[in-house]
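Chains as they are written, first to last, in my numbering: chain P, 1 to 186; chain C, 1001 to 1285. In this text, a Cβ means the ideal position worked out from N, Cα and C, and glycines have one as well. A quick note: this is a predicted structure, and the numbers were derived from the prediction, not measured. One structure is given below, encoded as structure tokens.
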Amino acid sequence: MQIMTSKGPVMLDLSFIQEIKKRSGQAIELCYQCQKCSSGCPVAEHADYHPNQVVRMIQYGLKERILNSSFIWLCSGCETCGARCPNGIKIAAVTDALREMAVKERALSGEKNIPLFHNAFLNSVRRDGRVHELSMMAQYKLRSRTLFADLDIGLKMFKKGKFAFLPKRIKRLKEVRQIFKEAAKQ
Amino acid sequence: MKIAYYPGCSLEATAKEYDLSARTVCRHLGLEMAELQDWNCCGATSAHSINHLLALALPARNLALAQEEAAQCLVAPCSACYNRLKTAAYVLQENEVERKKVEEVVGFKFNGTVNVQSLLETIYYQVGADTMASLVKKPLTGLKVVCYYGCLLVRPPEITGFDQTENPVILDKIVSSLGAEPLMWSYKTDCCGASLSLVKSDAVQEMVGLLLDMAAEAGAMAIVTACPLCQSNLEMRRKKPFSGIPAFFFTELIGLAFGMPEERNWWPKHLVDPFPLLRSLSLAG
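Take a look at the structure:
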């Protein structure tokens, strides 16, 4: 369905709410916009939308706008919203579902570096079974082209012996690789 | 009781001092813990951000290992690991469809016998503040601190079941038993933004800045945490780098109050030098 707004035509996907409900297991229709979630949200001021707006946008079916938003990537998963929601909606679970869909639909224009970071992190886990912080950070910095950010902190941590040079690979790595293989099919 | 210790990836590198102090203090308290053999990463924020099954199956493999070892308790010093392990155990317990899927992927049968605990809970509930107080050799008199619990220990409350959601107190009680003074403040469970620290440092600096300002307003000389991500983030993302009040791991303060000689190995690992504060209170030589 298409509607006209002051900024031009906007597509509404009326099946979007059902999809998100299924993925997150949350009763999104219960929201009555009390905005308690947004009052306590630590990243709301840094994002394009607030959590209560995101819930409303799901109800409206503004799929494209949400999947391209910076909010879904800036959400730190602190769960304050869900702990305080009078209707028991776990908005962090909704955000997880939105991110998963955004990855699937390759709608990553909101905050490019955050998914790059998650990928670098998970690549490290798949390679060794544990995260090797030094090589994980190196991969992220190369791919995001932020090589020179935080050099002072990195140097200080290096001097303090806070980096392990070599990764610790687990013995039954096959089991972790199998988990990654199955998860990729989802 | 058989306790399996799950250090997590951060404690092998950036939070080495947490691992060192945790092991030393637990040995002293008579908490027999053996490291979980061949443990893997819990997946942290990254797994649950982009793949639901990965977010459950990675921690579930560790639950399977703990079951294999017949451990009754799986203890995680890191709040993020604790949260992921506890969430996986909760979902496997409550949701049959998810349980079957995860059991198949990980290749085990979940029996629900492993109790996931944060190290903070283990020390508080299995040792207790009174016993701790009786072991203090060097009371932390004059040390005013704010206790910072962060997000992942306390939320979601139906999963973690940790203390009180909006005003947890067990860390305050531990700190108090050591002779230090925990101050009242309203930011115990506000998020420090650690999961965004590397990728959105400007926003995180503001989040950390607020916590530090509020700690200062309360009159704190230091912040006490039970999470490697909070601790490093609190010391790393400052407007004026490496200055201001230090952030301690609670295990470091326990070791300090118990007069353990190993303490001298922990302080040099901090990004914010804690020596000036410790010397001013005659707590370090």
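Give me the chain C residues within the contact set of residue i, using Cβ-Cβ distance strictly less than 7 Å, ordered along the chain.
{"i": "P:Lys162", "result": "Ala1013, Thr1014, Lys1016 and Lys1269"}
{"i": "P:Asn113", "result": "Val1199"}
{"i": "P:Met4", "result": "Chain C residues near P:Met4: none, gap ~35 Å exceeds 7 Å."}
Closer than 9 Å by beta-carbon distance: list the chain C residues that pair up with residue i, in chain order.
{"i": "P:Tyr140", "result": "Leu1198 and Val1199"}
{"i": "P:Gln186", "result": "Asn1051, His1052, Leu1053 and Leu1054"}
{"i": "P:Asp150", "result": "Leu1198, Ser1201 and Met1236"}
Should residue i be flagged as near chain C, meaning a C-beta pair shorter than 7 Å?
{"i": "P:Ala183", "result": "yes"}
{"i": "P:Gly129", "result": "yes"}
{"i": "P:Arg99", "result": "yes"}
{"i": "P:Arg145", "result": "no"}
{"i": "P:Lys171", "result": "yes"}
{"i": "P:Phe117", "result": "yes"}
{"i": "P:Glu105", "result": "no"}
{"i": "P:Glu19", "result": "no"}
{"i": "P:Glu64", "result": "no"}
Among the options, which residue has its Cα nearest to the Cα of residue i?
{"i": "C:Glu1263", "options": "C:Asn1062, C:Leu1271 and C:Leu1253", "result": "C:Leu1253"}
{"i": "C:Val1114", "options": "C:Tyr1090, C:Leu1277 and C:Trp1185", "result": "C:Tyr1090"}
{"i": "C:Tyr1018", "options": "C:Gly1244, C:Leu1278, C:Leu1283 and C:Cys1230", "result": "C:Cys1230"}
{"i": "C:Ala1218", "options": "C:Trp1185, C:Asn1062, C:Cys1026 and C:Val1169", "result": "C:Trp1185"}
{"i": "P:Ser38", "options": "P:Met157, P:Ile17 and P:Lys90", "result": "P:Lys90"}
{"i": "C:Val1075", "options": "C:Ile1050, C:Phe1110 and C:Tyr1125", "result": "C:Tyr1125"}
{"i": "C:Ser1046", "options": "P:Gln35, P:Lys171, P:Pro115 and P:Arg65", "result": "P:Pro115"}
{"i": "P:Asp128", "options": "P:Phe163, P:Lys168 and P:Met137", "result": "P:Lys168"}
{"i": "P:Leu142", "options": "C:Thr1024, C:Val1199 and C:Lys1100", "result": "C:Val1199"}
{"i": "P:Tyr32", "options": "P:Phe180, P:Asp13, P:Ser15 and P:Val54", "result": "P:Val54"}
{"i": "P:Ser15", "options": "P:Gly161, P:Met57 and P:Met157", "result": "P:Met57"}
{"i": "P:Val176", "options": "P:Asp150, P:Leu147 and P:Val131", "result": "P:Val131"}
{"i": "C:Asp1163", "options": "C:Thr1141, C:Leu1140, C:Lys1188 and C:Pro1246", "result": "C:Lys1188"}
{"i": "C:Ala1066", "options": "C:Ile1003, C:Ser1010 and C:Ile1050", "result": "C:Ile1003"}
{"i": "P:Tyr49", "options": "P:Gln59, P:Leu74 and P:Lys36", "result": "P:Leu74"}
{"i": "C:Lys1173", "options": "C:Leu1056, C:Cys1009, C:Cys1191 and C:Val1145", "result": "C:Val1145"}
So with CB distances below 8 Å, who are the chain P contacts of residue i?
{"i": "C:His1286", "result": "Because chain C here runs from 1001 to 1285, residue 1286 of chain C falls outside it and cannot be looked at."}
{"i": "C:Leu1058", "result": "Val125, Val176 and Ile179"}
{"i": "C:Phe1242", "result": "Lys156"}
{"i": "C:Arg1061", "result": "Glu175, Val176 and Ile179"}
{"i": "C:Gly1043", "result": "Leu122 and Val125"}
{"i": "C:Ala1203", "result": "Val43, His46 and Leu74"}
Any beta-carbon of chain P closer than 7 Å to the one on residue i?
{"i": "C:Ala1247", "result": "no"}
{"i": "C:Val1272", "result": "no"}
{"i": "C:Gly1030", "result": "no"}
{"i": "C:Gly1193", "result": "yes"}
{"i": "C:Thr1131", "result": "no"}
{"i": "C:Leu1053", "result": "yes"}
{"i": "C:Asn1040", "result": "yes"}
{"i": "C:Val1114", "result": "no"}
{"i": "C:Ala1080", "result": "no"}
{"i": "C:Met1207", "result": "yes"}
{"i": "C:Cys1009", "result": "yes"}
Between residue i and the ligand GTP, is the CB less than 6 Å from at least one heavy atom?
{"i": "C:Phe1250", "result": "Absent from the structure shown: the ligand GTP. Ligands present: none."}
In chain P, what lies closer than 7 Å to residue i by C-beta?
{"i": "C:Met1236", "result": "Ile153"}
{"i": "C:Ala1034", "result": "The contacting residues do not exist; C:Ala1034 stays about 16 Å from chain P at best."}
{"i": "C:Val1106", "result": "Ile179"}
Name the chain C residues that come within less than 8 Å of residue i, Cβ to Cβ?
{"i": "P:Ser10", "result": "Position check: residue 10 of chain P holds Val in this sequence, whereas Ser was assumed. Ordered by position in chain C, no residue passes the 8 Å Cβ test against P:Val10, which lies about 27 Å from the chain."}
{"i": "P:Lys168", "result": "Glu1012"}
{"i": "P:Met1", "result": "Near P:Met1 there are no residues of chain C at all, since even the closest Cβ is about 29 Å away, more than 8 Å."}
Open item on the list: Counting only Cβ-Cβ distances shorter than 7 Å, please list the residues of the region 1217-1234 of chain C near chain P, keeping chain order.
Closed with: none
TODO: Count the C-beta pairs between the region 89-97 of chain P and the region 16-28 of chain P that are closer than 8 Å, then say yes if the count reaches three, no if not.
DONE: yes
- [ ] Output, in sequence order along the chain, the residues in the region 29-42 of chain P whose CB is closer than 8 Å to any CB in chain C.
- [x] Pro42
Open item on the list: What are the residues in the region 78-91 of chain P lying within 8 Å of chain C by C-beta distance?
Closed with: Cys78, Glu79, Thr80, Gly82, Ala83 and Lys90
- [ ] Could you name the residues of the region 46-61 of chain P whose beta carbon sits closer than 7 Å to any beta carbon of chain C, in the order they occur along the chain?
- [x] His46
TODO: Identify each residue in the region 1141-1172 of chain C for which the Cβ-Cβ distance to at least one residue of chain P is less than 7 Å, and report them in chain order.
DONE: Cys1151, Arg1155, Pro1156, Pro1157 and Thr1165
TODO: Decide yes or no for the touch test of the region 1263-1281 of chain C against the region 1231-1243 of chain C: beta carbon pairs closer than 8 Å, at least 3 of them.
DONE: yes
Open item on the list: Can you confirm whether the region 1106-1122 of chain C touches the region 1061-1079 of chain C when touching is taken to mean that 3 or more C-beta pairs between the two stretches lie within less than 8 Å?
Closed with: yes
Task: Segment contact flag, the region 99-115 of chain P with the region 59-76 of chain P, C-beta cutoff 8 Å, min 3 pairs - done: yes
Task: Where the region 1180-1192 of chain C meets chain P: residues whose CB sits under 7 Å from a CB there - done: Asp1190 and Cys1191
Open item on the list: Under 8 Å: do the region 1169-1183 of chain C and the region 117-124 of chain P share three or more Cβ pairs, one atom per stretch?
Closed with: no
TODO: Report yes or no: do the region 137-157 of chain P and the region 1057-1067 of chain C share at least 3 C-beta pairs separated by less than 8 Å?
DONE: no
Open item on the list: Under 9 Å, CB to CB, which of the residues in the region 1247-1266 of chain C have a partner in chain P?
Closed with: none
Task: Touch test, the region 1197-1215 of chain C against the region 1156-1169 of chain C, Cβ-Cβ under 8 Å, three pairs minimum - done: no
- [ ] Answer yes if the region 154-171 of chain P comes into contact with the region 1019-1032 of chain C, meaning at least three C-beta pairs across the two stretches below 8 Å, and no otherwise.
- [x] no
- [ ] Decide yes or no for the touch test of the region 1090-1099 of chain C against the region 1067-1074 of chain C: beta carbon pairs closer than 8 Å, at least 3 of them.
- [x] no
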